[in-house]
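In the working numbering, the protein residues as written are 441 to 1043. Glycine included, C-beta positions come from ideal geometry on N, C-alpha and C. All values reported here derive from a predicted model rather than from experimental measurement. Note sheet for the following structure.
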């Protein structure tokens, strides 16, 4: 028996209906991923199934005694009490007999333990990520027949996401979930529903198969629409030629034309993709940030210590760790917004930074979309040319009417798109993204990935989106239990290297006999070489030389970016370009020598 059945359901608010005569059903045990663009109606459909919203038309039929539980997208601001009391409120008293209080408490205790939550902590004092974990526990504790999850991985750290994947993978009930996390979707969904222009399409397959079928269907749709439009245009030409269309033999053709016109007027064309473009500023120096044994403390609490890294121009670095571990703090220390408690940091020259804030603190709820992007002006400058703010916002899928809407009325996905629009309205050579993927639809997410991969500047990225990390970053800084470590590659590369380290450690602990004999046979290693007096002087002078070279390179870049530069004599242009090449080579050699000498000194 179906748990939920929708029959000819329609619902709308302003503009075209979100659902237009939609039909589908949910059966027991199904794991359904719900897809659709921002604003397509995914959250509305979840609310309708939960009984919070009634359809304008049609029937929504529930099986008798159906238990439905929902994890909502946003955290209620007025929720108070201990974690245990909040989780306990997710259980209806009718689900337990009077003498089963022990069972209720046992169920609450079990879910708190699984989610690693302290029952006595106050909910209102928790971070946004921890609040999401508590709300998730609240939705799971009643063991519902149908679980509705609206962006369940938002603000969860990787450990919690992996736990949730494992839990839902074994979960016997049915669940319907909306997510931007493609790896989460791949691992869990055995059926895909898609809301597209008011219709619900049941793809009845996993996510990978859906992607292939969807691409094929869009190609077919585009061809069919093109053929229809061609036929309509031909009929319009025919009727304008003055043929006596009122004659009996032509009346059928006239009626067919009217029907075609009506059909075309009702067609809802596919929503375009954001025309997302990153403005690149002049190149920064070759060195972006060099941190040497840095430590940061809040009072007596050490956030990180003894951490060293070198970030060079065009590096794309992911920062990974549990909620509240200090990822944003590390970002601020690297960028100079906070000073380290100890250790040294050197930052490169000519850094122009664009910062994406996960808390969206840059967005004033009372301001309109266009006011936020253009700072009250009517235009923005994109790649040196003025563009009207409304035209620029249309590139990010904001209609003129939506551009005049106050921020407080936007969805989570729209706010993230707006923040990206504001971020990329200014040129930058260092982009800092703190959880940029939350609430973004898959099309915008794919495009953001592509633009960051092709971006020639430097990227610092805090994210729990494993696929996004895999696709974008070239190295990862990871907060682990005992330290902060740096790894090559993204999430999967980090996991592989951790596993290799564990295997190597296990092999060492088993005391391989042949290795032990080999070590005994080895002669004593020579004492490490020390820097000579001359080399020490050279090492001390290198930072100043590097800074001088970077300054000279920056001046030449300024000279070459002037509008009249390429009007100069050809020989003069060639001479300046040759000087630039020579300086770039000197700079690369200086960095190489600096690393060589520092490695000897470190030994």
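In terms of DSSP beta bridges, what is residue i paired with?
i, result
"residue 472", "616, 631"
"residue 759", "902, 917"
"residue 927", "916"
"residue 748", "DSSP output for residue 748 lists no bridge partner at all."
"residue 531", "According to DSSP, which records beta bridges pairwise, residue 531 is partnered with nothing at all."
"residue 1065", "Look at the range of the chain in this structure, 441 to 1043, and you will see that residue 1065 is not part of it."
"residue 738", "741"
"residue 1016", "Bridge partners of residue 1016: none, in fact."
"residue 731", "749, 785"
"residue 940", "Paired residues: none, contrary to the question."
"residue 984", "Paired residue(s): none; residue 984 is not in a bridge."
Between which two residues does the alpha helix (DSSP H) holding residue i run?
i, result
"residue 652", "647 to 680"
"residue 871", "Segment 870 to 874 is the beta strand (DSSP E) holding residue 871; no alpha helix (DSSP H) there."
"residue 843", "840 to 843"
"residue 460", "From DSSP, residue 460 is part of no alpha helix (DSSP H) but of the beta strand (DSSP E) over 459 to 466."
"residue 814", "809 to 814"
"residue 832", "829 to 834"
"residue 525", "523 to 528"
"residue 862", "852 to 863"
"residue 770", "767 to 775"
Go to residue i, then tell me how far its beta strand (DSSP E) extends in each direction, as first and last residue.
i, result
"residue 794", "793 to 796"
"residue 478", "Counting along the chain, residue 478 falls outside any beta strand (DSSP E), and DSSP gives it neither H nor E."
"residue 607", "Taken as a continuous stretch (DSSP letters only), residue 607 belongs to no beta strand (DSSP E), being part of the alpha helix (DSSP H) at 598 to 610."
"residue 883", "Residue 883 -> not in any beta strand (DSSP E); alpha helix (DSSP H) instead, spanning 882 to 894."
"residue 547", "Careful: residue 547 lies outside any beta strand (DSSP E), inside the alpha helix (DSSP H) at 541 to 554."
"residue 837", "Note, residue 837: premise wrong, no beta strand (DSSP E); not H, not E."
"residue 754", "Neither: residue 754 is in no beta strand (DSSP E) and is coded neither H nor E."
"residue 499", "497 to 502"
Counting only the same chain and skipping the five closest in sequence on each side, list residues whose C-beta sits under 8 Å from that of residue i.
i, result
"residue 591", "513, 618, 619, 620, 852, 878, 879"
"residue 522", "559, 560, 561, 562, 563"
"residue 735", "742, 744, 745, 746, 747, 780, 781, 782, 783"
"residue 531", "544, 547, 548, 581, 582"
"residue 982", "1030, 1033, 1034, 1037"
"residue 788", "724, 725, 726, 727, 728, 729, 753, 990"
"residue 1028", "726"
"residue 806", "846, 847, 848"
"residue 889", "908, 911, 912"
"residue 964", "Because residue 964 carries a pLDDT of 48, less than 50, the predicted location of this residue cannot be relied on, and the following value inherits that uncertainty. Here the set comprises nothing."
"residue 486", "474, 510, 588, 590, 616, 618"
Starting from the C-beta of residue i, find all residues in its chain whose C-beta is less than 6 Å away, skip the five residues before and the five after it, and write them out in chain order.
i, result
"residue 1020", "996"
"residue 445", "465, 501"
"residue 452", "458"
"residue 441", "503"
"residue 778", "772"
"residue 448", "461, 498"
"residue 953", "Since pLDDT at residue 953 reaches only 49, below the 50 mark, its modelled position is unreliable, and no value is offered."
Find the nearest neighbour of residue i within the set the options, judged by alpha-carbon distance.
i, options, result
"residue 857", "586, 716, 605", "716"
"residue 511", "582, 1037, 794, 446", "582"
"residue 745", "556, 923, 948, 1009", "923"
"residue 740", "817, 451, 763, 781", "781"
"residue 555", "759, 774, 565, 571", "571"
"residue 844", "808, 675, 979, 730", "808"
"residue 700", "668, 797, 728", "668"
"residue 529", "577, 653, 816", "577"
"residue 824", "507, 463, 721", "721"
"residue 854", "818, 816, 810", "810"
"residue 589", "605, 1028, 638, 597", "605"
"residue 867", "884, 907, 670, 790", "790"
"residue 421", "911, 806, 1026", "Any question about residue 421 goes unanswered here, given that the chain covers just 441 to 1043."
"residue 516", "508, 507, 509, 526", "526"
"residue 495", "750, 978, 461", "461"
"residue 627", "759, 838, 603", "603"
"residue 886", "835, 630, 986, 622", "622"
"residue 750", "760, 775, 704", "775"
"residue 874", "690, 835, 902", "902"
Between residue i and the rest of its own chain, which residues show a CB-CB distance below 7 Å, the 5 nearest in sequence each way excluded?
i, result
"residue 1045", "Because the chain here runs from 441 to 1043, residue 1045 falls outside it and cannot be looked at."
"residue 697", "675, 679"
"residue 643", "632, 634, 650, 653"
"residue 992", "1023"
"residue 896", "720, 754"
So residue i packs on residue j, CB below 8 Å; how close in whole Å?
i, j, result
"residue 443", "residue 483", "Not quite, the Cβ-Cβ distance comes to about 19 Å (not below 8 Å), so this is no contact."
"residue 871", "residue 794", "5 Å"
"residue 613", "residue 584", "6 Å"
"residue 916", "residue 909", "7 Å"
"residue 586", "residue 508", "5 Å"
Would you say the beta carbon of residue i is closer than 7 Å to some non-hydrogen atom of the ligand FAD?
i, result
"residue 448", "Absent from the structure shown: the ligand FAD. Ligands present: none."
Could you check whether the Cβ of residue i sits closer than 8 Å to any Cβ belonging to chain D?
i, result
"residue 529", "Among the protein chains of the structure shown there is no chain D, as only one such chain exists."
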